[in-house]
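Written below as structure tokens is the structure these notes are about.
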């Protein structure tokens with residue numbers, strides 16, 4: 002059976018369900034307040050992860066694991082696991098997706114990691130120092146280091162999934178069906194609505210055509226000289242990934258959420274448990 006965003010584009014019914022899950026957080030239960038007359042809210046990154054986990058009927062780990070949820074399928078006497086790392090971000094130019102010409106250059110925005118201590122431990126092990134970064138030396142070696150760090154983090158997460166359990170079937174993570182899930186949303190329009198777009202990208206990060214320093218960042222460039230990576234190694238070690246939307250594996254069209262009735266905490270308690 003195909004899995005939406007993991008091994009196939011979502012069906013109409015699957016998208017309808019995802020829209021409803023995301024829309025529930027507009028009723029005041031979302032952790033991010035919106036600037037609209039209804040004083041609505043929206044889901045934060047953790048709540049967005051829960052929506053996707055619900056779509057797959059799995060329980061998210063609610064941790065800082067490399068993967069935010071995993072789907073298990075019994076296959077050939079064992080268990081094949083597809084895993085996903087969910088990244089969400091507002092994008093001011095998201096509505097360019099409607100224009101076929103502008104869509105060609107539209108990129109997703111994924112903050113992959115910000116593990117300062119671990120990143121620099123590996124850099125030091127490779128003979129690279131903070132002063133080298135400040136002096137814009139060894140761009141390629143630094144690029145190799147940050148991609149290796151992601152490989153190590155992913156391998157550690159995979160090892161936990163595949164760890165043998167007594168009397169259990171063999172468990173294998175399928176890298177080809179494991180993805181980064183990008184959830185992008187636009188600023189509000191005049192009707193206080195946002196557009197959303199979901200895209201999946203391979204979990205194995207591509208090697209850029211070259212690395213170079215630009216101001217405070219190490220930048221990875223693709224063959225078309227577009228920026229595909231940024232690493233702010235001296236500013237929280239933020240590592241960002243900007244794949245082209247046109248290079249996504251699977252995805253949705255632009256969609257908007259449903260406006261539910263606003264409900265106070267008291268109203269919700271009465272609805273759930275009766276009058277207090």
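Numbering (our numbering), first residue to last: 2 to 277. Glycine included, every Cβ here is placed at the ideal spot set by N, Cα and C.
Query: Consult DSSP for residue 123 and reduce its assignment to one of helix, strand or coil.; Result: helix
Query: Measuring straight from C-alpha to C-alpha, what distance separates residue 202 and residue 187?; Result: 20 Å
Query: For residue 56, which residues in the same chain have their Cβ closer than 8 Å to its Cβ, ignoring the five residues on either side in sequence?; Result: 5, 15, 18, 19 and 22
Query: Please name the residue, chosen from 138, 62, 258 and 32, that lies closest to residue 1 on a Cα-to-Cα basis.; Result: Nothing can be reported for residue 1: it is not among the residues displayed for the chain, which extend from 2 to 277.
Query: Taking the alpha carbon of residue 214 as the point to measure from, which residue in 224, 232 and 35 has its own alpha carbon closest?; Result: 232
Query: To the nearest angstrom, report how far apart residue 258 and residue 177 are at their CA atoms.; Result: 30 Å
Query: Would residue 115 and residue 237 qualify as a contact pair, given that the criterion is a beta-carbon distance under 7 Å?; Result: yes
Query: Can you say whether residue 11 is buried or exposed, counting buried as having 16 or more other CB atoms within 10 angstroms of its CB?; Result: buried
Query: What separation, rounded to the nearest whole angstrom, lies between the Cα atoms of residue 131 and residue 124?; Result: 9 Å
Query: Name the two residues that bound the continuous alpha helix (DSSP H) containing residue 245.; Result: Note, residue 245: premise wrong, no alpha helix (DSSP H); not H, not E.
Query: Between which two residues does the alpha helix (DSSP H) harbouring residue 189 extend?; Result: Unbroken run through residue 189: none, as it is neither H nor E.
Query: Report the residue from 154, 126, 157 and 100 whose alpha carbon sits nearest the alpha carbon of residue 142.; Result: 126
Query: Going by DSSP, name the residue or residues bridged to residue 252.; Result: 200
Query: Nearer than 6 Å: is that true of the beta carbon of residue 223 relative to any heavy atom of the ligand PLP?; Result: This structure lacks the ligand PLP; in fact it carries no ligand of any kind.
Query: Measure the alpha-carbon distance for residue 207 versus residue 268 and round it to whole angstroms.; Result: 50 Å
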